[in-house]
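For the first sequence, the residue numbers in the numbering used here are 50 to 586.
Idealized CB from N, CA, C, for every residue including glycine.
All values derive from a computational prediction rather than experimental measurement.
I have placed the structure first, in the form of structure tokens, so that the comments after it can refer back to it.
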Amino acid sequence: MINETIKSSLRQAMGELGISPIPSDINLERPANRDHGDWSSNLALVISKEAGRQARELADEISEHINGNLPEGVVGVSTAGPGFINFKVSLSWLYQILIEVLEKGSTEFGRLEIGDGLNVNVEFVSANPTGPLHAGHARGACYGDAIANILSAVGYSVHREFYMNDRGLQMQIYGQSLQARKEGTAVPEEGYGGEYIIEWASLMPEGLTLPEIIDWGCAHAQLDQQETLAGLGIHFDTWFSEKSMIENGDIEKVLGDLTAGNASYEKDGATWLSSTTFGDDKDRVLVKSDGELTYLTPDVAYHRNKYERADWLINVWGADHHGYVARMKAAMHALGNDPDDLSIQITQLVKLVRSGKEVKLSKRQGDIIELRSIIEEIGSDATRFMYLLQSVDSKQTFDLELAASHAMENPVYYVQMAHARLCSIGRKAEEEGFSQVNLSVQELEILTHEREIEILRLLELFPEVIDLSARELAPHKIVTWTRDFANAVHGFYHDCYVIGEDVSPKLTNARLNLVVASRIGLKVGLDLLGVNAPDKM
RNA sequence: GCCCUCGUAGCUCAGUAGGAUAGAGCGACCGCCUCCUAAGCGGUAGGCCACAGGUUCGAUUCCUGUCGAGGGCGCCA
Numbered sequence: 050m051i052n053e054t055i056k057s058s059l060r061q062a063m064g065e066l067g068i069s070p071i072p073s074d075i076n077l078e079r080p081a082n083r084d085h086g087d088w089s090s091n092l093a094l095v096i097s098k099e100a101g102r103q104a105r106e107l108a109d110e111i112s113e114h115i116n117g118n119l120p121e122g123v124v125g126v127s128t129a130g131p132g133f134i135n136f137k138v139s140l141s142w143l144y145q146i147l148i149e150v151l152e153k154g155s156t157e158f159g160r161l162e163i164g165d166g167l168n169v170n171v172e173f174v175s176a177n178p179t180g181p182l183h184a185g186h187a188r189g190a191c192y193g194d195a196i197a198n199i200l201s202a203v204g205y206s207v208h209r210e211f212y213m214n215d216r217g218l219q220m221q222i223y224g225q226s227l228q229a230r231k232e233g234t235a236v237p238e239e240g241y242g243g244e245y246i247i248e249w250a251s252l253m254p255e256g257l258t259l260p261e262i263i264d265w266g267c268a269h270a271q272l273d274q275q276e277t278l279a280g281l282g283i284h285f286d287t288w289f290s291e292k293s294m295i296e297n298g299d300i301e302k303v304l305g306d307l308t309a310g311n312a313s314y315e316k317d318g319a320t321w322l323s324s325t326t327f328g329d330d331k332d333r334v335l336v337k338s339d340g341e342l343t344y345l346t347p348d349v350a351y352h353r354n355k356y357e358r359a360d361w362l363i364n365v366w367g368a369d370h371h372g373y374v375a376r377m378k379a380a381m382h383a384l385g386n387d388p389d390d391l392s393i394q395i396t397q398l399v400k401l402v403r404s405g406k407e408v409k410l411s412k413r414q415g416d417i418i419e420l421r422s423i424i425e426e427i428g429s430d431a432t433r434f435m436y437l438l439q440s441v442d443s444k445q446t447f448d449l450e451l452a453a454s455h456a457m458e459n460p461v462y463y464v465q466m467a468h469a470r471l472c473s474i475g476r477k478a479e480e481e482g483f484s485q486v487n488l489s490v491q492e493l494e495i496l497t498h499e500r501e502i503e504i505l506r507l508l509e510l511f512p513e514v515i516d517l518s519a520r521e522l523a524p525h526k527i528v529t530w531t532r533d534f535a536n537a538v539h540g541f542y543h544d545c546y547v548i549g550e551d552v553s554p555k556l557t558n559a560r561l562n563l564v565v566a567s568r569i570g571l572k573v574g575l576d577l578l579g580v581n582a583p584d585k586m
């Protein structure tokens, strides 16, 4: 890599000049301003105090020395500002990137090996099986699936998991609600009042007992949720049943082990987890005085089970669950698991608007906004792209009308259009009798237009973006890159004709290489997000 | 009262493991189609990076506090 070459040239120069201390880790960054070169080091600023010399003076000395013997791929070194050392890299480096992209194709380009095959379990959505998925589940669904894609691309072995709370009080109430609707009696006080209950009850077979109704209702809700998720292209490897842990004794076992480990105690007729010992702000009840389990206990058993199956656990939770992070980590700690192996990602709320007005209720059902109806309204691609548009750390507002529009202010269409245009060039080339042939660095040197260089620079940057988005579990960084890249593609499309009378065949060929590589880059980005890359629009 | 996330252009948001002149899209205004999709491209205007301290050669970025927005603080799930 070029930055390694630069780092070692800095080290070598310092050694030869007798400047110390030489830091173990030399920091190289990409300057925001291109005039400052392609790579920049703050080395002189960092060591100036310890070296007892002025930073600018050190920088001048080092850059002059390196200029006397430039490393391969570097065309110039200069100093600027308070003491930055700036490197300008040869364009041939960028042509090599282009060749690499073409060789790797959309199945290999951008793939990294930072995951080292580690097993990571990504648990997301995990809605109660008591009704259809609604708008509140959408962000977690899109986010969880995207990080699963990204982690998989950087070398983790990824498992997607959905945890079903298929037992307990909520299921009882759900069953009673279905039963009431089936029999035409009043839905219980705290019951489910949604329209869907009426519809589902009508689909239910006659004459079922309450436990049978619950089983049927659970299966039906699961099926409904699976369908909706499939509409977004989301598929889980495991639908983990809470009930199964009652049946196989896992919950009993976890309670026993907590007691044996002195991590729980009896008080006021209830069993408590000593979570304060492990960093929580208060102790939590595991078994209520009436003998019922709290929601926490099966959850603890479930997480322990996941620890046995994976090296790294990722949970995607809504903002309303942030208060449970400390207790879950405490419980895992108490069971002897490393709480750092559990990453809990909190997604902030999303407000939906339609032409500027907040949408709280669904038009059709009059109650909840079903996720299904959002997908129907704006499509799977727009749903995913819009929900991934920004960091999950901040609350989001987006306009359904905008997301559904086929207009330039819609970011989904902007990016997909860039891909379609690249394909359109390919079709045109074929019609004109050109076929894309991979070229050498020398043949690619004809690509010197500002627009072309911009595309190459973005392609070069992309693996770093993927790396960062994986480390930070931040798919929106991929989105930002695809938008920037689409912008570069549209600019190229506008200014650089690939086929035309005043374009030489050599240039056409070189540009076709660029077009195909761009298509690969954009496709890789959209694939990671789970958004289609259409050939035409 | 305590905890979590956020506060950047008129609007929606990027950026920040501390770096040089803080970016994009939309909206506004002005331009650009005989030609691979104008679903596009370019330009102009628009900023005390909420506020106040601290650390640092350097802070929008880190720390503390204040203010503001949203979400949580059950033997509910």
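Between residue 153 and residue 86, the gap from beta carbon to beta carbon reaches 7 angstroms or more. If you draw a straight line from the Cα of residue 313 to the Cα of residue 340, it comes to about 15 angstroms.
Ranked by Cα distance from residue 131, the options 429, 199, 309 and 108 are led by 108.
In this structure, DSSP gives residue 319 an extended state, which the three-state scheme calls strand. For the pair residue 54 and residue 90, the Cα-to-Cα distance works out to about 13 angstroms. Looking from the CA of residue 459, the closest CA among 580, 269 and 448 belongs to 448. Rounded to whole angstroms, the separation of the alpha carbons of residue 168 and residue 358 is 8 angstroms. In the DSSP assignment, residue 377 falls within the alpha helix (DSSP H) that extends over 374 to 383. Residue 156: member of the alpha helix (DSSP H) spanning 141 to 157, first to last residue. Counting along the chain, the unbroken alpha helix (DSSP H) around residue 93 starts and ends at 92 to 100. Within 10 angstroms of the beta-carbon of residue 491 lie fewer than 16 other beta-carbons, which makes it exposed. Rounded to whole angstroms, the gap between the alpha carbons of residue 522 and residue 133 is 31 angstroms.
Sequence-distant Cβ neighbours of residue 573 in its own chain, meaning closer than 7 angstroms and more than five residues away, are 155, 158 and 159.
Here the C-alpha atom of residue 52 lies approximately 35 angstroms from the C-alpha atom of residue 552.
Sequence-distant partners of residue 526 (beyond 5 residues in either direction) whose C-beta falls short of 8 angstroms from its own C-beta, in its chain, are 514, 517 and 518. Measuring C-alpha to C-alpha distances from residue 338 to each of 318, 393 and 211 identifies 318 as the nearest.
Cβ neighbours of residue 408 within its own chain (closer than 8 angstroms, five residues either side excluded): 401, 402, 418 and 449.
Inclusion of residue 266 and residue 227 in the CB contact set at 7 angstroms is warranted, their separation being smaller than that value. Assignment of residue 550 by DSSP, reduced to helix, strand and coil, places it in the coil class. Secondary structure note for residue 364: it is in no alpha helix (DSSP H), and the uninterrupted beta strand (DSSP E) holding it is 361 to 367. Here the alpha carbons of residue 397 and residue 461 stand approximately 22 angstroms from one another. Of 56, 216, 483 and 452, the smallest CA-CA separation from residue 176 is found for 216. Under the DSSP assignment, residue 461 falls in the alpha helix (DSSP H) whose first and last residues are 460 to 480. Residue 302: member of the alpha helix (DSSP H) spanning 299 to 309, first to last residue. For a cut-off of 8 angstroms, the C-beta gap from residue 99 to residue 80 is around 24 angstroms, too long to register as a contact. Shortest Cα-Cα distance from residue 467 to any of 434, 533, 444 and 145 involves 533. Listed in chain order, the non-local C-beta contacts of residue 567 below 7 angstroms within the same chain comprise 471, 504 and 538, local neighbours out to five positions each way being set aside. Spatial neighbours of residue 562 in its own chain (CB-CB distance under 7 angstroms, excluding positions within 5 residues in sequence) are listed in chain order as 147, 151, 485, 487, 488 and 493. Excluding sequence positions up to five before and after residue 198, its CB lies within less than 6 angstroms of the CB of 577, all in the same chain and listed in chain order.
Per DSSP, residue 285 lies in no alpha helix (DSSP H) and is assigned neither H nor E. The region 201 to 214 makes contact with the region 175 to 192; the number of CB pairs closer than 8 angstroms reaches 3 or more. Taking the Cβ atoms as the reference, residue 143 lies roughly 40 angstroms from residue 393, outside the contact range of under 8 angstroms.
For residue 490, the three-state secondary structure derived from DSSP is helix. Cβ-Cβ distances below 6 angstroms link residue 124 to 137 and 139 in the same chain, with the five nearest sequence neighbours on each side left out; the list follows chain order. Nearest neighbour of residue 252 by Cα position, chosen from 260, 238, 242 and 269, turns out to be 269. Residue burial is scored here from C-beta neighbours: residue 163 has fewer than 16 other C-beta atoms within 10 angstroms and is therefore classed as exposed.
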